[in-house]
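**Student:**
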Amino acid sequence: MRIVFVGDSLTVGVGDETYLGWPGRLCAAASAAGLGLTLYNLGVRSETSRHIKNRLGRELPPRLLPRDEARIVLSFGVNDVKIENGRRKVELSESVDNLFEIVSKTSALCPTLMVGPPPVLDDAYRARIEELSDVFAGSCAEMGLPYLDMCRPLCRQSAYLDSLATVGDGYHPGAAGYAAFAARVGEWEAWQGWFV
1 MRIVFVGDSL
11 TVGVGDETYL
21 GWPGRLCAAA
31 SAAGLGLTLY
41 NLGVRSETSR
51 HIKNRLGREL
61 PPRLLPRDEA
71 RIVLSFGVND
81 VKIENGRRKV
91 ELSESVDNLF
101 EIVSKTSALC
111 PTLMVGPPPV
121 LDDAYRARIE
131 ELSDVFAGSC
141 AEMGLPYLDM
151 CRPLCRQSAY
161 LDSLATVGDG
171 YHPGAAGYAA
181 FAARVGEWEA
191 WQGWFV
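Heads up: the sequence shown begins at 1 in UniProt numbering, then just goes up one per residue.
Laid out in structure tokens, this is it:
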């Protein structure tokens with residue numbers, strides 16, 4: 001099975017001294033359980049849903065052959081709600097439109113899951129992430145796409161929050177934070193359902 005992870009710096013694992021991030025840990029655990037996987041990490045630093053929407057057409061096709069063995073995991077949104085020059089990088093309505101376009105493309109290619117954006121240490125920033133996550137959850141439900149909220153659950157995980165503080169930018173966790181992230185996704189019924 002080929003699994004393509006599409007997202008931002010949190011998908012690629014920035015801040016993780018082991019360079020595994022959460023996708024690497026998820027796939028390593030699946031491999032240890034005897035599953036043969038090929039991992040493609042298409043996380044790019046600083047990218048918003050707008051950037052991701054615009055690059056999917058180029059990046060996905062060569063990684064999804066044969067299609068019957070391909071899967072896609074989406075995870076983005078933290079950069080959409082970042083404030084630059086007094087305003088969000090991507091307004092909420094555009095984030096939703098981008099999500100619909102991205103999911104329409106990926107779902108037409110192969111089974112897709114959506115992992116929501118994780119928390120940051122800044123309270124106001126985190127509140128915007130929670131708002132976006134709630135809207136994304138509703139949009140994914142409309143499309144029949146499995147969605148996993150990460151923001152609120154990881155806010156209750158001291159390993160994740162402590163890791164954000166340790167790395168120092170309040171935005172990217174270290175290895176322990178990515179391990180907590182991967183553990184939550186690994187317990188998700190929709191993720192596990194791919195390997196039954």
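Glycine included, every Cβ here is placed at the ideal spot set by N, Cα and C.
Within the continuous alpha helix (DSSP H) that includes ARG125, where are the two ends?
**Tutor:** Here the sequence assigns Tyr to residue 125, which means Arg is not the residue at that position. Counting along the chain, the alpha helix (DSSP H) containing TYR125 begins and ends at 123-143.
**Student:** For SER49, name the three-state secondary structure that DSSP assigns.
**Tutor:** Helix at SER49.
**Student:** Taking three-plus beta-carbon pairs below 8 Å as touching, is the region 45-56 in contact with the region 72-91?
**Tutor:** Output reads yes: the region 72-91 touches the region 45-56.
**Student:** Could you tell me the alpha carbon to alpha carbon distance between ALA19 and GLU101, rounded to whole angstroms?
**Tutor:** The amino acid occupying residue 19 in the given sequence is Tyr; Ala does not appear at that position. Each residue's alpha carbon lies about 30 Å from the other.
**Student:** What residues are listed by DSSP as bridge partners for MET114?
**Tutor:** Paired residues: LEU74, TYR147.
**Student:** Take LEU113 as the anchor and find which of PRO153, GLU17, VAL12, VAL185 has the nearest alpha-carbon.
**Tutor:** It is VAL185 whose Cα lies nearest to the Cα of LEU113.
**Student:** Checking 9 Å against the spacing of the C-beta atoms, do PRO111 and ARG63 come in under that value?
**Tutor:** Against a cut-off of 9 Å, the Cβ pair of ARG63 and PRO111 comes out as no contact.
**Student:** Closer than 6 Å by C-beta to THR11: which residues in its own chain qualify, once you throw out the five before and the five after it? Chain order, please.
**Tutor:** Result list for THR11: PHE5, GLY43, SER75, in chain order.
**Student:** With SER158 and GLY174 assumed to form a contact (beta carbons below 8 Å), what rounded beta-carbon distance in angstroms separates them?
**Tutor:** The pair is not a contact, with the Cβ atoms about 14 Å apart (cut-off 8 Å).
**Student:** Have a look at ALA179 and ARG2 and give me their C-alpha separation to the nearest angstrom.
**Tutor:** Taking the straight line joining both Cα atoms gives about 21 Å.
**Student:** What residue from GLY15, ALA183, LEU92 has the CA that sits closest to VAL115's CA?
**Tutor:** The shortest C-alpha separation from VAL115 is found at ALA183.
**Student:** Tell me the rounded alpha-carbon separation between ASP149 and GLU142.
**Tutor:** Spanning the two alpha carbons is a distance of roughly 16 Å.
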